[in-house]
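Asker: The structure follows.
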Amino acid sequence: MLIIKCPYCGERDHSEFSYGGEAHIIRPKQPTELSDDQWAEYLFMRKNIKGIQYERWNHSHGCRRWFNMARDTSNDKIHSVYKIGEKPSN
Amino acid sequence: MLNFTSPITESHTYNNFSMKEKTPVAKINLRGDLGNKDFVSKVGKILGMILPKEVCSTSTKEQITCMWLGPNEWLLVSNDTIDKESNDYELEHLLFKDISKTNLGSVTNVSDHYTVFNLAGSNIFEILSKGSPFNFDSGTFGDNKVIQTILNHVDVTIHRKSKEDVDLYVRRSFSDYLWAWIKDSSRFT
Chain A
-4 MLIIKCPYCG ERDHSEFSYG GEAHIIRPKQ PTELSDDQWA EYLFMRKNIK GIQYERWNHS
56 HGCRRWFNMA RDTSNDKIHS VYKIGEKPSN
Chain B
69 MLNFTSPITE SHTYNNFSMK EKTPVAKINL RGDLGNKDFV SKVGKILGMI LPKEVCSTST
129 KEQITCMWLG PNEWLLVSND TIDKESNDYE LEHLLFKDIS KTNLGSVTNV SDHYTVFNLA
189 GSNIFEILSK GSPFNFDSGT FGDNKVIQTI LNHVDVTIHR KSKEDVDLYV RRSFSDYLWA
249 WIKDSSRFT
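Read top to bottom, the protein sequences are chains A and B. Just so you know, we're using the working numbering here: the first sequence kicks off at -4 and counts up by one. Just so you know, we're using the working numbering here: the second sequence kicks off at 69 and counts up by one.
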């Protein structure tokens, strides 16, 4: 069992959460000026790294708030959990 | 409360565990920003109490209990059962006029959205922990706390009034299913 520390509710089981993909992807300011390739890059292309990855998570069966998490994809160790809009601490 | 037929028609007792539907109870969902002083003071004036700021906490007055659901979300419930024929609450009107109309926050009447089970007995948390990933033994879940979690795949809000008195809020369409599950589970603890 993976225990996730929701920044609002505290420690809860992972089954209360849903995964929301990679975090800190910035939407282009002028999508009309982009080529199709650049737009596809923004829409679909995600990193799939072995190591610490920054992700968005939602406490969907609890407080229903979004937050960010730095998780090591190789061993599921959670390095930090922080609110949306904040910068990762490490 | 609208005049619908509840799927729960009986109360259930097994050894020292008992469960009954508490109906009708007024429930209002309130959302707003605690950083907005105008919102906090207006809500405080209408409710006559301060919104609980602390995680999973509740505050109670004679007629209403206010439960923390999220950093900007609360559930207001009436402590006693209310008039069955009407779906019209003075509290909702007051909040709607001062909060919704002035764009300070949102007020939603969710009375018909949730069914309330009142559980009583010494083994409530043994039964609940059979279907829930929440750690009921952790020191954080004391009296007058409220949590939202999963109970046998269903989203529930659990309000612990004391160790032997718990209110469980579940969506009405799931109430029949969850009632049957708790009833069954209570026989094996």
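For each residue, glycine too, the CB sits at the ideal point set by N, CA and C.
Nearest-angstrom Cα distance between Cys134/B and Pro120/B?
Answerer: Along the second sequence, read from residue 1 onward, the residue named residue 134/B stands at position 66. Along the second sequence, read from residue 1 onward, the residue named residue 120/B stands at position 52. Taking the straight line from one Cα to the other gives about 7 angstroms.
Asker: Using a cut-off of 8 angstroms between C-beta atoms, extract the partners of Ile218/B located in chain A.
Answerer: Here residue 218/B corresponds to residue number 150 of the second sequence, with the count starting at 1. Chain A residues near Ile218/B: Ser10, Glu11, His56.
Asker: Near Ser75/A, which residues of its chain fall below 8 angstroms by C-beta distance, leaving aside the five closest residues on each side in sequence?
Answerer: In the first sequence, residue 75/A corresponds to position 80, counting from 1. So the qualifying residues of the chain are Met64, Ala65, Pro83, Ser84, Asn85.
Asker: Please report the straight-line C-alpha distance between Leu236/B and His227/B, rounded to a whole angstrom.
Answerer: Walking along the second sequence from the start, residue 236/B turns up at place 168. Walking along the second sequence from the start, residue 227/B turns up at place 159. Computed Cα separation, rounded: 6 angstroms.
Asker: In angstroms, rounded to a whole number, what distance separates the CA positions of Tyr77/A and Trp52/A?
Answerer: Sequence index remark: in the first sequence, residue 77/A carries index 82 (1-based). Sequence index remark: in the first sequence, residue 52/A carries index 57 (1-based). Each residue's Cα considered, the two are about 10 angstroms apart.
Asker: Just the C-alpha distance for Ser86/B and Arg240/B, rounded to the nearest angstrom, thanks.
Answerer: As a working mapping, residue 86/B is identified with position 18 in the second sequence. As a working mapping, residue 240/B is identified with position 172 in the second sequence. Spanning the two alpha carbons is a distance of roughly 20 angstroms.
Asker: Name the DSSP beta bridge partners of Lys0/A, please?
Answerer: Translated into the one-based positions of the first sequence, residue 0/A becomes position 5. According to DSSP, Lys0/A bridges with Glu6/A.
Asker: Go through the segment 25 to 79 of chain A residue by residue and report every complete run of the beta strand (DSSP E) that reaches 3 residues or more, in order.
Answerer: Runs found: 47 to 53, 61 to 67, 73 to 78.
Asker: Around the Cβ of Gln216/B, are there at least 16 other Cβ atoms within 10 angstroms (buried) or fewer (exposed)?
Answerer: Here residue 216/B is taken as the residue at index 148 of the second sequence, counted from 1. Answer is buried; the Cβ neighbour count reaches 16.
Asker: Buried or exposed for Lys110/B, please, with buried defined as at least 16 other CB atoms from any protein chain shown within 10 angstroms of its CB.
Answerer: Translated into the one-based positions of the second sequence, residue 110/B becomes position 42. Lys110/B is buried by the Cβ-count criterion.
Asker: Could you please give the first and the last residue of the uninterrupted alpha helix (DSSP H) stretch that includes Glu194/B?
Answerer: On the second sequence, residue 194/B is found 126 positions in, with the first residue counted as 1. Element bounds for Glu194/B: 192 to 196.
Asker: If Leu144/B and Leu137/B are in contact, beta carbons under 8 angstroms, what's the gap, nearest whole angstrom?
Answerer: The residue labelled residue 144/B in the question sits at position 76 within the second sequence. The residue labelled residue 137/B in the question sits at position 69 within the second sequence. At roughly 11 angstroms, the Cβ-Cβ gap does not stay under 8 angstroms, so Leu144/B and Leu137/B are not in contact.
Asker: To which residues of the same chain is Asp233/B closer than 8 angstroms at the C-beta, ignoring the five residues directly before and after it?
Answerer: Translated into the one-based positions of the second sequence, residue 233/B becomes position 165. The answer, listed in chain order, is Asn186, Leu187, Ala188.
Asker: Applying a beta-carbon distance threshold of less than 9 angstroms, which residues of chain A neighbour Val178/B?
Answerer: Locating residue 178/B in the second sequence gives position 110, where the first residue counts as 1. Result: empty, since nearest Cβ-Cβ is about 14 angstroms, beyond 9 angstroms.
Asker: Starting from Gly138/B, find everything on chain A with Cβ-Cβ shorter than 8 angstroms and list it in chain order.
Answerer: Position 70 of the second sequence, counted from the first residue, corresponds to residue 138/B. Simply Tyr3, Cys58, Arg59, Arg60.
Asker: Within this structure, are the beta carbons of Phe242/B and Val214/B separated by less than 8 angstroms?
Answerer: Taking the second sequence and counting its residues from 1, the one referred to as residue 242/B is at position 174. Taking the second sequence and counting its residues from 1, the one referred to as residue 214/B is at position 146. No.
Asker: Have a look at Pro75/B, Ile114/B, Asn83/B and flag the residue whose alpha-carbon is nearest the alpha-carbon of Thr257/B.
Answerer: Residue numbering aside, residue 257/B sits at position 189 when the second sequence is read from its first letter. Ranking the options by Cα distance to Thr257/B, first place goes to Asn83/B.
Asker: So the candidates are Thr208/B, Asn212/B, Gly199/B, Asp106/B; which of them puts its Cα closest to the Cα of Lys252/B?
Answerer: Position 184 of the second sequence, counting from 1, holds the residue named residue 252/B. Residue identity differs from the one stated: residue 252/B is Asp in this sequence, not Lys. Checking every option, the nearest Cα to that of Asp252/B belongs to Gly199/B.
Asker: Among the residues of its own chain, which have a CB less than 8 angstroms from the CB of Arg59/A, if the five just before and after it don't count?
Answerer: On the first sequence, position 64 is the one that residue 59/A refers to. If we look at Arg59/A and ignore the five residues flanking it on each side, its Cβ neighbours are Asn53.
Asker: Pick from Ser206/B, Ser197/B, Ser230/B: whose alpha carbon is nearest that of Ile261/B?
Answerer: Outside the displayed span of chain B (69 to 257) sits residue 261/B, for which this structure offers no information.
Asker: Would Arg7/A count as contacting chain B if we go by Cβ distances under 8 angstroms?
Answerer: Residue numbering aside, residue 7/A sits at position 12 when the first sequence is read from its first letter. With 8 angstroms as the cut-off, Arg7/A counts as an interface residue toward chain B.
Asker: Which whole-angstrom value describes the C-beta separation of Ala18/A and Tyr49/A, a residue pair presumed to lie in contact below a C-beta threshold of 8 angstroms?
Answerer: In the first sequence, residue 18/A corresponds to position 23, counting from 1. In the first sequence, residue 49/A corresponds to position 54, counting from 1. That belief holds up - the Cβ atoms of Ala18/A and Tyr49/A are roughly 4 angstroms apart, short of 8 angstroms.
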